[in-house]
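A.B. asks:
Numbering (my numbering), first residue to last: -13 to 1047.
1) In the DSSP assignment, the alpha helix (DSSP H) including residue 271 goes from what residue to what residue?
2) Could you tell me which residues DSSP puts in a beta bridge with residue 931?
3) Taking 6 Å as the limit between beta carbons, can you name the residues of its chain near residue 829, skipping five residues before and five after?
4) With H, G and I counted as helix, E and B as strand and the rest as coil, what does DSSP make of residue 911?
5) List the endpoints of the continuous beta strand (DSSP E) containing residue 989.
6) Rounding to the nearest angstrom, what Cα-Cα distance links residue 222 and residue 182 in this structure?
7) In the DSSP assignment, the beta strand (DSSP E) including residue 1083 goes from what residue to what residue?
8) Touching or not, the region 926 to 942 and the region 407 to 424, by the rule of three or more beta carbon pairs under 8 Å?
9) Within the same chain, show all residues whose beta-carbon is closer than 8 Å to that of residue 367, passing over the 5 residues directly before and after it, in chain order.
10) Spatial neighbours of residue 801 within its chain, please: C-beta separation below 6 Å, excluding the five flanking residues on both sides.
11) How far does the alpha helix (DSSP H) with residue 247 in it reach, from first residue to last?
12) If I measure Cβ to Cβ from residue 868 and keep anything under 8 Å in the same chain, skipping five residues before and after, which residues do I get?
13) Rounded to the nearest angstrom, how far is the Cβ of residue 603 from that of residue 636, given a contact under 8 Å?
14) Where does residue 423 land, buried or exposed, given buried means 16+ other C-beta within 10 angstroms?
15) In terms of residue numbering, what span does the beta strand (DSSP E) encompassing residue 604 cover?
16) Spatial neighbours of residue 776 within its chain, please: CB distance less than 6 Å, with the 5 preceding and 5 following residues excluded, ordered by chain position.
17) Using the C-alpha atoms, what's the distance from residue 582 back to residue 951?
18) Name the one or two DSSP bridge partners that residue 365 has.
19) Determine the extent of the alpha helix (DSSP H) in which residue 823 is found, giving its start and end residues.
20) Just checking, does the region 500 to 517 make contact with the region 633 to 648 on the three C-beta pairs under 8 Å criterion?
21) Quick check on residue 386: buried or exposed, where buried means 16 or more other Cβ atoms within 10 Å of its Cβ?
22) Could you check the C-alpha separation between residue 1013 and residue 268 for me, to the nearest Å?
23) Output the boundary residues of the beta strand (DSSP E) element that contains residue 327.
24) For residue 973, name the three-state secondary structure that DSSP assigns.
25) Look up residue 790 in the DSSP assignment and give the residues it is bridged to.
26) What did DSSP end up calling residue 771 once you bin it into helix, strand or coil?
27) Please identify the residue among 888, 866, 897 and 872 whose C-alpha is closest to the C-alpha of residue 808.
28) According to DSSP, what are the bridge partners of residue 840?
29) Quick check for students: name the residue ranges of the beta strand (DSSP E) that lie wholly in the region 158 to 198, counting only runs of 3 or more.
30) Using DSSP's beta-bridge definition, name the partner residues of residue 854.
31) Going straight from the alpha carbon of residue 806 to that of residue 1042, what length do you get?
32) Could you give the C-beta distance for residue 799 and residue 973, rounded to a whole number, given that I count them as a contact under 8 Å?
33) With 16 other CB atoms within 10 Å as the buried threshold, where does residue 1018 fall?
34) What residue range does the beta strand (DSSP E) around residue 565 cover?
35) Measuring CB to CB, does residue 995 end up less than 9 Å from residue 1027?
36) For residue 493, name the three-state secondary structure that DSSP assigns.
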């Protein structure tokens, strides 16, 4: 209950009635005193403003009871329910106060520590109070006497737009948008079909369409879910749909074979079934793998068309809503391309509102809405995003500030340091940018006439009135009066009842104007939801109470195509549009109304403030102040000069909310990104399948190769050890450097010589890069079984290898070892089991922060590290600043129950590498869960991935977008290993990154009885259940029995279709 203040008011009103009860009765019966009735008070003062429909139903049943005694008993019970709600409200307020106080202390502590780590004193520039560029420039504009409308950049003329368009020529960007839930198609969108198919669907489709028409943009892909279900239209099962531009006048670069905007539907989740967004979470890894496949294919196709065969990687990937944000973060990491994010509706804000209502506990909310998984998806989006796009300042100040990963104060400090080119010590904060949603205005022709003039234009002088006009005007006694228009669903938050009261109690307003309420579509009130029906009933009762018949219209039906005609009718009568919602996140209807020439009256809470600042076409009101609403409406209706000025301002400035302006700002932001894309697409990578231009091509890149491929005898000492040393300091031995470079030189010569000898047909196989074995395999086996002791890994590893001895001999199967161990520990492990490094094609080490391959020349060492992988995952890696913070945190973690108060988390310097900080844990049960450490680091703007491994006895901290599952996607991106032909062996439990190994297109075999001793506390401490991450009924996951043998392993692979009998 929003605030729940009404409960106290109601209880006070009941107490004001006094006891006055029949002494013969012991019950606290309610009785009417004078003209005051508590039950009537409840209905008229409570239910009209708040969503308490269950209590309303109780009241309806009570007053309908004929027996006075039963009626009074029911009313008494209802009073006790309200008292209980008041008690719950008080408990919630106490908990909320404690939570906010704790959060405030955590934030202040995080800021202090972050500031202490950043050595320089803060300048005055870091003390500003604006977050986005729009607001940052507003102060300067005001200081120079400019209008506040200059806070938004604008295109003041067609000429300036053409100038900007000419600057974009030559660019051929590939953009990817992602929106997963709901039903998405380009035409005849079923908006309102369900809660998942709403405004977001329209927004992403129109954004993709508009971007595809912009100069400098070659192709836009909107990725969503493919739904082939009998419950929905067949069009949602089509793999691809082209979005045709709205106007032939849109600006285009030269068109190409694959240019334009497209909806691309990726199959994932249950086949032949349309499911709500809350059930999509376990299937997101499957979408990521499918989307990755599409993007790589499209990048290669576009490269052939426009860039001489070099892949054209996306300039940015833009996620919409938490589920797509989670997926986009993984895709951004797998491809190493920039990410944008738009939240649309935020989980923490919804959680706060639901908790305030007091109807559901936090566990019930999480079970119903998967709210904690959603919040984690949004936090990950903050970790990975270059820019977060919002519609209004309210979204930043009131919603994003609730998240651990965004602190407006710290963001300003970091931004000021970046502008001054001062180190932020590994701290990063996404940039919040306000870009209001766009609209199409070219088809709108504002009316200048009135009701006496014939509708139409010169081309159609006698066009008939739209049918919806007659449907509305039949309600009015005098349809020529100005129309006050409200367009909102009958939801308590929309505050329609207050509007009706304001209209009903203001006689001058009733005499001057009519009121039109477009409250959605309905067949019967009984068929509506309880919430909507209660609001509608309240509206009807108020109409009856104030005798507003002939002055208020409330049609039952209208089409989406009727909405522009409704705006036109209101403008034709010289009316006003009003949005009286208690809080309006943005207010798209205000922009639509302004585009049709309607002045506005809007709530002062939320997005309308930003809209009014730009358009200056109306008045803002307090939605709780009934008199203020009436006065604002009367002022606009009665003062024709004010009405004309507001109308003219709206029409003059409305272009600032066009899709053209939106996309121009959008593309300007993308242009500021530091280019990020896979770094190996050069002549030293054999994957380009092209002949060297000369025998010296391999030598030309030898310096780059020596920096990015390093042979190692002992792992960390071979190139990834030492947190503060540069590559040069790691290789200070001239003889050792010479030996390595000579080895690489000989190795490169051998590859280029082979390439010149073979024909073009065989070249795709042999020229698969420096490690062609990976590409020759028909399928890949990944051994990712986690243990407390690496000795326990020997038996499962041996069984898996021996179960496919025949395929190993044929070379059709390759093996990858994926663990939390360092490469030195893996070397020792291989030696202890008499394994040869060449038994494996790759080694994923340190929980996914390092990637090694077996050396091609054993004389130079057993392993070679892929430094391109490091450049792939280093995005937002905190480096030394992160290490210092972790050491400080480790020193604060002690066993408070122990008398010695000993430190239980200690740095393991000998196990740490440049991209993995390792800590030893003495008492895993005492260490805070992963989410608590992640929260501490996020509050300080440090982005990383924390993994508890080896049953909690070790903690690895690695880059935020690095993991063992992401390393497999990297192998796919670089070497073309088909994820569908990859099988991952895991135990029943494992490290805290275990969940990532069980989802996606790859197959998984769970070895029952293996790793079952792993502490459940490692996984039990997450803020959401494992079922929100893993699809347990996936056909890609099979189980091997306890005490499995080699035959059981083969049988599991046969079930997955990877082996035949």
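Don't be surprised by glycine CBs; every beta carbon is placed ideally from N, CA and C.
Keep in mind that this is a model prediction, so the values were computed, not measured.
C.D. replies: Straight from the coordinates:
1) 270 to 292
2) 944
3) 803, 812 and 838
4) coil
5) 989 to 993
6) 14 Å
7) One cannot answer for residue 1083 here, as it falls past the ends of the chain, which runs -13 to 1047.
8) yes
9) 305, 308, 311, 312, 314, 315, 325, 327, 329 and 374
10) 767 and 826
11) Looking at the DSSP string, residue 247 is not in any alpha helix (DSSP H); the run it does join, the beta strand (DSSP E), is 246 to 252.
12) 412, 903, 923, 928, 930 and 943
13) 3 Å
14) buried
15) 604 to 607
16) 815
17) 52 Å
18) Residue 365 pairs with nothing; no bridge assigned.
19) First-last for residue 823: undefined, no H or E at that position.
20) no
21) buried
22) 7 Å
23) 325 to 328
24) strand
25) The partner list for residue 790 (beta bridge, DSSP) is empty, contrary to what the question assumes.
26) coil
27) 897
28) 849
29) 159 to 164
30) According to DSSP, which records beta bridges pairwise, residue 854 is partnered with nothing at all.
31) 27 Å
32) Actually they do not touch by this definition, with Cβ atoms about 21 Å apart.
33) exposed
34) 562 to 565
35) yes
36) helix
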